[in-house]
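Taking it in order: structure first as structure tokens, then the write-up.
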Amino acid sequence: MKKFKKIIALGLAAMAAISAMSISVFASTDNIGKNGITTYNHPVYGEIEWDLSLPEPVEISYDEIVQQIKEDNNSSRAITETDIPCMIPKNKTGNEGNVVGYFTADETSVSFAVKSNGGGKTYNVQLYRDNGSGKKPTLVGAYETHRFGSGYSQSGLTKNKDYYFVISSDDVPDDGANGTYTLRTY
């Protein structure tokens, strides 16, 4: 009977450990402050702020952004980048990503999309606000997954603040893929 109790106790302990490990590593949206800020335990930076006050992003294609950039050429828009080469790393552990599209917001909205030149169907993207040298960034909005050739438009940025995107892919080759991104502020 003692052996049976030990087996049951070990089984329950293992189940408790598995349950504890499966708790989501993502930020809880239960504790959002009045300004839309909560915290997120980032795998690289540790605990950082997560700004959920911005409106939901809107889906937009790479080609639509390029067309908007062409239309903007007659204006004084400061930030329009198209077909900028980038490396899209394979997201093997869930923590990989390359910083691309670093910009200082001259307007309150940004459109961003990525194309792959080396395989894969989708990419992951997160937008961050850079808070200056030696300070942790603020995650802006949610972790998004898009098909290559599509992207999103995010409004609610703060003018004159620095932002950047981090990209990766779950389905590019193990050594990553070459790609291009396009970015437009408006």
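Residues in the sequence shown are numbered from 230 upward in steps of one, following the working numbering. The beta carbon of each residue, even a glycine, is placed where N, CA and C say it ideally should be. Since the structure is predicted, the reported quantities are computational estimates derived from the model, not experimental observations.
Sub-7 Å separation of residue i and residue j beta-carbons
i, j, result
"GLN297", "ARG413", "yes"
"SER290", "TYR415", "no"
"THR409", "ASP301", "no"
"ASP359", "ASP335", "no"
"CYS315", "VAL328", "no"
"TYR357", "TYR331", "no"
"SER351", "THR374", "It should be pointed out that residue 351 corresponds to Thr in this sequence rather than to Ser. Contact: yes."
Same chain only: Cβ atoms within 6 Å of residue i, ignoring 5 sequence neighbours per side
i, result
"ALA406", "ILE317, SER345, GLY347, GLY348, GLY349"
"SER340", "ILE289, ILE294, SER382, ARG413"
"THR309", "ILE298, ASP301, ARG413"
"PRO399", "According to the sequence provided, residue 399 is Asp. The question's Pro does not apply to it. Counting only Cβ-Cβ distances below 6 Å, and skipping sequence neighbours, we find ASN320."
"TRP279", "ALA256, THR267, TYR269, LEU368"
"TYR372", "GLN355"
"HIS271", "ILE277"
Residue i CB to nearest heavy atom of the ligand NAD below 6 Å
i, result
"SER338", "The model depicted lacks the ligand NAD and carries no ligand whatsoever."
Endpoints, the beta strand (DSSP E) within which residue i is located
i, result
"GLU288", "287-290"
"GLY380", "379-384"
"TYR410", "406-414"
"TYR392", "391-397"
"ASP280", "275-280"
Exposure label - residue i; buried when at least 16 CB within 10 Å
i, result
"ASP380", "According to the sequence displayed, residue 380 carries Gly and not Asp. With 16 or more Cβ atoms within 10 Å of its Cβ, GLY380 is classed as buried."
"THR333", "exposed"
"PRO366", "buried"
"PRO286", "buried"
"GLU276", "exposed"
"LYS388", "exposed"
Sequence-distant residues of its chain with Cβ nearer than 8 Å to residue i (five each side left out)
i, result
"GLY326", "PRO318, ASN320, ASN353, GLN355, VAL395, ILE396, SER397"
"SER282", "ASN264, GLY265, ILE266, GLY385"
"ASP292", "GLY378"
Nonlocal neighbours in the same chain, by C-beta distance under 7 Å from residue i, ignoring five residues either side
i, result
"ASP403", "LYS319"
"PRO284", "SER384, GLY385"
"VAL273", "ASN324"
"GLY370", "LEU283, PRO286, LEU356, GLN383"
"ARG376", "LYS350, THR351"
Residue ranges of each beta strand (DSSP E) within the segment 299-341, 3 or longer
309-317, 327-333
Which complete beta strand (DSSP E) runs does the segment 339-376 hold, if anything under 3 residues is left out?
351-359, 367-376
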